[in-house]
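In this note's numbering, the protein residues as written are 7 to 364.
Structural data, given as structure tokens:
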């Protein structure tokens, strides 16, 4: 009898612990969902008119950037409870460069299936820009085993502009597979890639590629803009560098199909990638809406892919870009090449190294 009583007591204790565990998990889950569902209207950050931005910047910058730090902290939970089931399928885990940076299911780029289970997966998401909801694709830097998938995505999604924001190796660590040929044509699955000219500048390199679908013989020309002066988790040396680079990329985008996304990647496809996409949107915002709302831009990006604009330093840098761009618009003697910049304007007086592989 005593044994039965003890057994009953232990069973009751186990049941209570189990119930408490379930309640604790549910509360955590509810908190995460609430954090994800925070409407942007309930947050304290509002658009700032460009004529007021300098005073706003000084206020947020005070006390070691305390105001900007608070804004960035509010962004951390945004989007985080969304489903990532495709990325967690065992067959897809090896396709992720970093286990903590995987695409949300709701916005992930889906490849056309070639008859293999789960072969529609790639670590990439559609991202909103100023002009459309799918203006960009944000992707991780290709791995050796995902290079063919990368070129499949370029071809299937009609990409004409690729923006690369990382070196292949940084501080001795592999950050991205070199996914293009240096000289002769190379086949990546059914996409043959040939490099034409390569224009090497101190801060970036521009490559011209010709793609050919070996199944249909269709050809396309694309450009590859490789920014080589941006440290991982950090920011470029000056705002001028990145804004000039953005102008160069945007000029090429305007010359090509407006309904085709530009593909942007770094290593993880969140920090530098998110910063670049935000700067492009931000410049349009200043030019056409005459306001600055970096918080809202990053909020919307984080609803589509985790960790977009990954560090507080990158968030502050975006605000510095806004300040410098507004100052350049208001100045008669513009020292920065921020306005009406063409590709040839940027190349003049720099003496680029141009290599032809044709």
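Each residue gets a CB set at the ideal place from its N, CA and C atoms; glycine is no exception.
Rounded to whole angstroms, what is the Cα-Cα separation between residue i and residue j?
{"i": "residue 355", "j": "residue 207", "result": "Unreliable placement is indicated for residue 355, whose pLDDT of 46 sits below 50; no coordinate value is reported for it."}
{"i": "residue 102", "j": "residue 52", "result": "35 Å"}
{"i": "residue 212", "j": "residue 330", "result": "25 Å"}
{"i": "residue 139", "j": "residue 110", "result": "15 Å"}
{"i": "residue 229", "j": "residue 150", "result": "22 Å"}
{"i": "residue 128", "j": "residue 69", "result": "42 Å"}
{"i": "residue 40", "j": "residue 84", "result": "Since pLDDT at residue 40 reaches only 46, below the 50 mark, its modelled position is unreliable, and the value read off the structure follows with that caveat. The straight-line gap from Cα to Cα measures roughly 10 Å."}
Go ahead and pull the three-state DSSP assignment for residue i.
{"i": "residue 270", "result": "strand"}
{"i": "residue 343", "result": "Here residue 343 scores only 44 on pLDDT, less than 50, and its place in the model should not be relied on; the value that follows carries that caveat. If DSSP states are grouped into helix, strand and coil, residue 343 belongs with coil."}
{"i": "residue 176", "result": "strand"}
{"i": "residue 275", "result": "coil"}
{"i": "residue 285", "result": "helix"}
{"i": "residue 322", "result": "helix"}
{"i": "residue 304", "result": "helix"}
{"i": "residue 219", "result": "strand"}
{"i": "residue 212", "result": "strand"}
{"i": "residue 229", "result": "strand"}
{"i": "residue 255", "result": "helix"}
{"i": "residue 245", "result": "helix"}
{"i": "residue 140", "result": "coil"}
{"i": "residue 92", "result": "helix"}
{"i": "residue 39", "result": "Legend: pLDDT at residue 39 = 47, less than 50; position of this residue unreliable, no value from coordinates given."}
{"i": "residue 292", "result": "helix"}
If I follow the unbroken alpha helix (DSSP H) through residue i, where does it start and stop?
{"i": "residue 157", "result": "153 to 162"}
{"i": "residue 127", "result": "Unbroken run through residue 127 is the beta strand (DSSP E), 127 to 133; no alpha helix (DSSP H)."}
{"i": "residue 116", "result": "Careful: residue 116 lies outside any alpha helix (DSSP H), inside the beta strand (DSSP E) at 114 to 116."}
{"i": "residue 73", "result": "59 to 81"}
For the candidate residues the options, whose alpha-carbon lies nearest to that of residue i?
{"i": "residue 314", "options": "235, 84, 226 and 280", "result": "280"}
{"i": "residue 57", "options": "228, 296, 326 and 327", "result": "296"}
{"i": "residue 301", "options": "81, 133 and 55", "result": "81"}
{"i": "residue 146", "options": "133, 139, 134 and 108", "result": "108"}
{"i": "residue 172", "options": "192, 239 and 133", "result": "239"}
{"i": "residue 156", "options": "183, 134 and 175", "result": "183"}
{"i": "residue 87", "options": "327, 241, 245 and 308", "result": "308"}
{"i": "residue 265", "options": "290, 134 and 223", "result": "134"}
Answer yes or no: do residue i and residue j have a C-beta to C-beta separation smaller than 8 Å?
{"i": "residue 131", "j": "residue 115", "result": "yes"}
{"i": "residue 67", "j": "residue 74", "result": "yes"}
{"i": "residue 220", "j": "residue 202", "result": "no"}
{"i": "residue 234", "j": "residue 257", "result": "no"}
{"i": "residue 5", "j": "residue 332", "result": "No statement about residue 5 is possible, as the shown extent of the chain runs from 7 to 364 and does not include it."}
{"i": "residue 158", "j": "residue 197", "result": "yes"}
{"i": "residue 169", "j": "residue 59", "result": "no"}
{"i": "residue 293", "j": "residue 241", "result": "no"}
{"i": "residue 154", "j": "residue 195", "result": "yes"}
{"i": "residue 288", "j": "residue 324", "result": "yes"}
{"i": "residue 165", "j": "residue 267", "result": "yes"}
{"i": "residue 191", "j": "residue 205", "result": "no"}
{"i": "residue 275", "j": "residue 316", "result": "no"}
Return the first residue and the last residue of the beta strand (DSSP E) that residue i is part of.
{"i": "residue 192", "result": "192 to 194"}
{"i": "residue 202", "result": "197 to 206"}
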